[in-house]
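J.:
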Amino acid sequence: MSETERILELATGLAREAGAIQRERWGTELQISTKSADVDLVTEVDRACEDLIVAALERERPADSILAEEGGLREKPGSTWRWVVDPLDGTTNFAHSYPCFCVSIGVELEGEATVGVVYNPIMDELFHAVRGGGAFLNGEPIHATRETKLGRSLVATGFAYDRRKSHRDNLTELACFLDRARAIRRDGSAALDLCAVACGRLDGYWEFKLAPWDVAGGRVIVEEAGGRVSDFHGGPAPASGAQMLASNGGIHDAMLEALAAAREEDAEAQG
Ligand code: IPD
Ligand code: CA
Ligand code: CA
11 MSETERILEL ATGLAREAGA IQRERWGTEL QISTKSADVD LVTEVDRACE DLIVAALERE
71 RPADSILAEE GGLREKPGST WRWVVDPLDG TTNFAHSYPC FCVSIGVELE GEATVGVVYN
131 PIMDELFHAV RGGGAFLNGE PIHATRETKL GRSLVATGFA YDRRKSHRDN LTELACFLDR
191 ARAIRRDGSA ALDLCAVACG RLDGYWEFKL APWDVAGGRV IVEEAGGRVS DFHGGPAPAS
251 GAQMLASNGG IHDAMLEALA AAREEDAEAQ G
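According to this note's numbering, the sequence shown is numbered sequentially starting from 11.
#1: Report the residue from Lys45, Gly82 and Asp263 whose alpha carbon sits nearest the alpha carbon of Trp223.
#2: Using C-beta distances below 6 Å, list every residue in its chain close to Pro131, excluding the 5 sequence neighbours before and after it, in chain order.
#3: What residues match up with Tyr215 in a beta bridge as DSSP calls it?
#4: So, at 8 Å on beta carbons, what are the nonlocal neighbours of Glu120 in its own chain, with the 5 sequence-adjacent residues on each side left out?
#5: So for Phe104, helix, strand or coil by DSSP?
#6: Using only the alpha-carbon positions, how far apart do Leu188 and Glu275 sit?
#7: What distance in whole Å lies between the Cβ atoms of Cys59 and Leu98, which are believed to be in contact at a cut-off of 8 Å?
#8: Ignoring anything shorter than 4 residues or poking outside the region 31 to 87, list the alpha helix (DSSP H) runs there in chain order.
#9: With a Cβ-Cβ cutoff of 8 Å, do Val230 and Gly116 count as a contact?
#10: Got a sec: does ligand 2 put a non-hydrogen atom nearer than 7 Å to the Cβ of Ala247?
#11: If I measure Cβ to Cβ from Ala272 and keep anything under 8 Å in the same chain, skipping five residues before and after, which residues do I get?
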């Protein structure tokens, strides 16, 4: 077994274990607290899932660095692999018993997103990809759609937790896509949005002000499913999650045009 295969096996097992905790606690009474804003939630299940994953990584992969949402960066000097973990993506959904959340694990080799594992415990759907090896849902190959017209496309987005304070709240972009796409969804889990693009349930997805753990797992899965990820200008998508445009490839330029139109409208509004 190659090192990448061992990493994939470990990531898959941990995503399933953390997902089992989420399945068990879903719909039960939770301790809910807030983080960066009063709409930015965290529960004891987010922390329990992260603790499980981080403890296993420290045991099994002591030389690897870990960046995890709740605990931050545990950097190992000289490490070649870095695990980027969102222990529960879709916390607001989880806190409201809305069945759309997941565990997302991305593993970077020398800074390049190389392995992605996203597990939806309610649907029992495990998405995975290794760079160069295709993308899979429960072991079956998946592919992005072949749609080429934004007007026939289903796209999704999301809104950052600072939206009550920031003017960059995605509303101009939303209006531009409402004019251009067939329909828009807001599912509340960036990692599952990316996987939905990868398996053809969505044709495209955009969001900004995400975090590295929101995108680290899903971006490899999109690319390996034949889709494209970029920033809002068509350049490489930053690992920071600051801008994420993911599509089937065929509507990517039309999505870039919609984002450019939103920028222009915002600039005009500011005089
Ligand atoms: C959030 C979800 C949501 C996105 C937010 C993320 P969390 O992650 O992915 O869809 O719109 O920007 O922060 O807080 O549930 O892990
Ligand atoms: Ca997240
Ligand atoms: Ca999270």
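Heads up, the beta-carbon is just placed ideally off N, CA and C, and yes, glycines get one too.
Please read all numbers here as calculations on a predicted model, not as lab measurements.
T.: Reading from the atomic positions:
#1: In terms of Cα proximity to Trp223, the closest of Lys45, Gly82 and Asp263 is Gly82.
#2: Only Gly29, Gln32 and Arg33 meet the Cβ criterion.
#3: For Tyr215, which the question treats as bridged, DSSP gives the partners Ala166 and Ala256.
#4: So the qualifying residues of the chain are Thr90.
#5: It is helical.
#6: Cα-Cα distance, rounded: 15 Å.
#7: Contact between Leu98 and Cys59 holds, since their C-beta atoms are separated by about 5 Å, short of 8 Å.
#8: If you keep only unbroken alpha helix (DSSP H) runs of at least 4 residues inside the region 31 to 87, you get 54 to 70.
#9: With a cutoff of 8 Å on beta-carbon distance, Val230 and Gly116 are scored as near each other.
#10: In this structure, the C-beta of Ala247 stays at least 7 Å away from each heavy atom of ligand 2.
#11: Only Thr182, Glu183, Ala185 and Cys186 meet the Cβ criterion.
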